[in-house]
Amino acid sequence: MSTLNQAELEKILRQQETLRQIIESISSELELRPLLTSIVQHACELLAADRGTIGLVDEARPVIRTEAVYRMPPDELGAEMGVGVGLAGQVLASQEPLILNHYGELNNPTQEELVQDAVIGLPIFWRDRMIGFFGIGAAPPRIFNEQDVELLTQLARHAGIAIENARLFAAERRRAARQATLNRIGEIIASTLDLEELLQSAITAVREQLHFADAGVLLKDDADAEMLILVARSGIYAELLPEEYRQSIHQGIIGATARARRPVFTQDAVNDPRYLPVPGAEGIRSVIGIPIIVSDQLLGVLNVESSELLAQDDVDLLQIVGDQLGVAIVNARLFDQTQRNLAETQLLYETSRRITNAFDVGDVIEAYLQLVAVRGRYVCNVALYDFDDFGERTAVIIRGLWSPEEGLQLLQHHFPYSKDALDPMLDAGQTVTMANVHEDPRASEILRQMQAEVGRPALAMIPLIVRRQRIGLVILSYSAVYEWSASDLWPYQVTAAQLATAIDTRQQQLLLVQSGQEMAVLHERQRLARELHDSVTQLVFSITLVAQSLAPAWHRDPAEGKKRVDRLLELSQGALAEMRTLLFELRSTELPPLPTETGVRLPGVARLRRDGLVKALEKYIGLLVHNAPAIELQADTYRPHSLEYEVTLFRIAQEALNNVVKYAQATEVQIRLYEEADSVCLVVIDNGVGFDVAQAQDGRSGNKKGGFGLHTMQERAQAHKGQVTIRSASGQGTAVTVCLPQENGGHSA
């Protein structure tokens, strides 16, 4: 054998060994893009070539797309060559290998700087079908021969197998991703009923798990059936589209999907006339639009875009996702409506409770603005009308205003009333909205001028109707042109009837309470109720407790029974004395005379007049029922004050002690009466069972520990501009603290 033949044989053996190693290497790679990159690099090394490409045949179009390169110009990767274009196009046309000593021999080379290269173009087959292409090049003086073609053909056969395996692996992985996506969508739908959160989480999962370039959900605009609003986005949509993106159903593949109400799918988006590209997005190949339909009603469109070639399997998967989203949207909207109904009920209840407790029209308006207006971001005015004797409106009075900048203001701004084109709608109970008062033809010049002065062009007017008569308006305004939505207006609309009724009720009540005598009677009744509760009622309660224990005590020990009879007599005399004092006050404006006889039972207030607050408290403590807790009084720093002042402190202490006896089950009570620089304080602390302060102060029916007594303590303190604080909790005792400001700004002499 000649030396030349021996060298040639050794070269072939080396190439075969290299080929074997390459085949083993590519057989273990299942990721398509790394696989192709590895194949083209190994092919160049196998043939001692300088550069190379590997492309795949597009399944939908007669083109080869370069998927991996080795030492090629940057624009080669991703390039597409149709039949007859470049080396790849020639091989695609002939389905045969092609060897050229000079790349420039082609009629239309795609890389002009490589025209001097020798090249091999070789098809890659799988089951008699061309699926890819090798393009190998080498600079002079290297040229290729049939032996190189044979060697590359062997590699191509194994490359075809590896490519198909990688595609199968990718398909299986994609199938798993599809299933994972469906599972994830199901989890998202089950985890929340918040529509915005649900759609955003779902669309993010779709894009990330299926590797789309972008994905979005557009829902039908309730105000315009021909517009879609982007409500959830991920990928390119999130980066490049404006925050409030809207699209007509007459535009793009999204619009075509909405009109057709069936999936729209393109694998060549760039050349599809329906495609509406996102500015700044590049390389989009496939677009799928899925209509979201429930009960034959179009809710919106699910849209995805990809730089990869999508298939019908992707359409089928997204249809399932669209169906799931449709059900989720309906459920979320039903839940939202339920929540709105509940919120409306709560708002109505709270508004009713607050304005029911309001004393006059000003209080009603203040309560309304504090409860309803503060929920919004608009300036809210409450305007009432003045009427003449014939029931005609003569003036508009702005009674209250709330704004985000300045908060609540109670006003009395009068404006002359003038009829305009809005009256018929408002009289009919309709809400009138204007996005821009300066462009709305219904607005009068006066109205435009008023809104121009305050700089709020957006306006909404909600009529206040009572007995078929409009008595006023709730007026909302905003500092920019603004399209009012139903959600903006509903809190004001649902409470307008309550506001109107409450205002009318207070106005009617005011007519009934116009004389000073009637008001005086009302206040006197309230005072008498407090006095009866704090004196006679408490003594009667003590009498009842002693009377209930009298018979058992007498049976146990007649001496103890006699003591209780004496106590019963003493308490009844005290009650009688208190009642006589109250009756005297009803007959005369003067204070009743103080008894002078020894042993005469003095009422609590009478004793207070004679002996002072501390002695009166000590006597009252001694009169409490036999089973009362141990009571300690500390009043070392206390200095006498006016009778009215001390009566207030005495009655509050009396009420607090009676509550301890009735409810606290305490064993120890401490009373502290002391002076501070600017106030006089009384503290009653017990170690009893305690109670829920909020519930007790609510005063609802069935609340034994609350109601009248706690309210009278507050009323007495407030009459002197003081304050009562009650701290208590179940099992932790109770502390009642009242602090009244010093009379005349300092200590009494």
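Mapping to the working numbering: the sequence shown position 713 is 713, numbers consecutive.
We put the CB at the ideal spot given by N, CA and C, even for glycine.
- Secondary structure note for Y237: it is in no beta strand (DSSP E), and the uninterrupted alpha helix (DSSP H) holding it is I236 to L240.
- Excluding residues up to 5 positions away in sequence, L228, L298, L299 and G300 lie with their Cβ nearer than 7 Å to the Cβ of K220 in the same chain.
- For Q111, the three-state secondary structure derived from DSSP is coil.
- P291 and E172 have their C-alpha atoms spaced approximately 27 Å apart.
- Between the C-alpha atoms of D388 and S487 there is a straight-line separation of about 37 Å.
- Per DSSP, reduced to three states, the secondary structure at K721 is coil, with no helix or strand assignment.
- The Cβ neighbour count for L168, taken over all protein chains shown within 10 Å, is under 16; the residue is labelled exposed.
- In this structure, the straight-line span from the alpha carbon of D427 to that of L410 is close to 26 Å.
- Judged by beta-carbon spacing, V437 lies beyond the 8 Å limit of S403, meaning their Cβ atoms are not closer than that value.
- Secondary structure note for E668: it is in no alpha helix (DSSP H), and the uninterrupted beta strand (DSSP E) holding it is E668 to E675.
- The C-beta of E366 has 16 or more other C-beta atoms within 10 Å across all chains shown, which makes the residue buried.
- When S94, Q508, E668 and V264 are compared, the shortest CA-CA separation from G84 is found for S94.
- Burial of Q209 is indicated by the presence of at least 16 other C-beta atoms within 10 angstroms of its C-beta.
- A Cβ-Cβ contact shorter than 8 Å links V372 with T495.
- Contact between L152 and A43 holds: CB atoms are separated by about 6 Å, below the 8 Å threshold.
- Taking C-beta atoms as the reference points, M461 and T431 count as a pair closer than 8 Å.
- Cα atoms of P97 and I293: separation of roughly 52 Å, rounded to the nearest angstrom.
- In this structure, L182 lies near I320, with their beta-carbon atoms less than 8 Å apart.
- DSSP places E453 in the helix class (H, G or I) of the three-state scheme.
- Under the three-state reduction of DSSP, M579 is assigned to helix.
- Taking C-beta atoms as the reference points, I652 and V738 count as a pair closer than 8 Å.
- For A118, the uninterrupted beta strand (DSSP E) run begins and ends at A118 to W126, by DSSP.
- Contact between R442 and A421 holds: CB atoms are separated by about 5 Å, below the 8 Å threshold.
- Assigned with DSSP and collapsed to three states, D313 falls in helix.
- Taking a C-beta distance under 8 Å as the contact criterion, V264 and Y237 do not qualify as a contact pair.
- Under the criterion of beta carbons closer than 8 Å, A88 and G137 do not qualify as touching, at roughly 12 Å.
- By alpha-carbon distance to E668, the top candidate from E392, I631, R274 and E676 is I631.
- If you draw a straight line from the Cα of D686 to the Cα of L673, it is about 15 Å long.
- Secondary structure note for K220: its beta strand (DSSP E) is the uninterrupted segment D214 to D221.
- Distance between L195 and R261, taken at the CA atoms: about 22 Å.
- In this structure the stretch 157-165 lies against the stretch 120-135, because at least three pairs of beta carbons, one per stretch, are closer than 8 Å.
- Just so you know, the alpha carbons of E67 and V481 end up roughly 53 Å apart.
- With fewer than 16 other CB atoms across the displayed protein chains lying within 10 angstroms of its CB, N341 is exposed.
- A straight line joining the alpha-carbon of R175 with that of V315 spans about 13 Å.
- By the neighbour-count criterion, in which 16 or more other beta carbons inside 10 Å mark a residue as buried, V115 falls on the exposed side.
- Taking all protein chains shown into account, I54 has 16 or more neighbouring C-beta atoms within 10 Å of its C-beta and is therefore buried.
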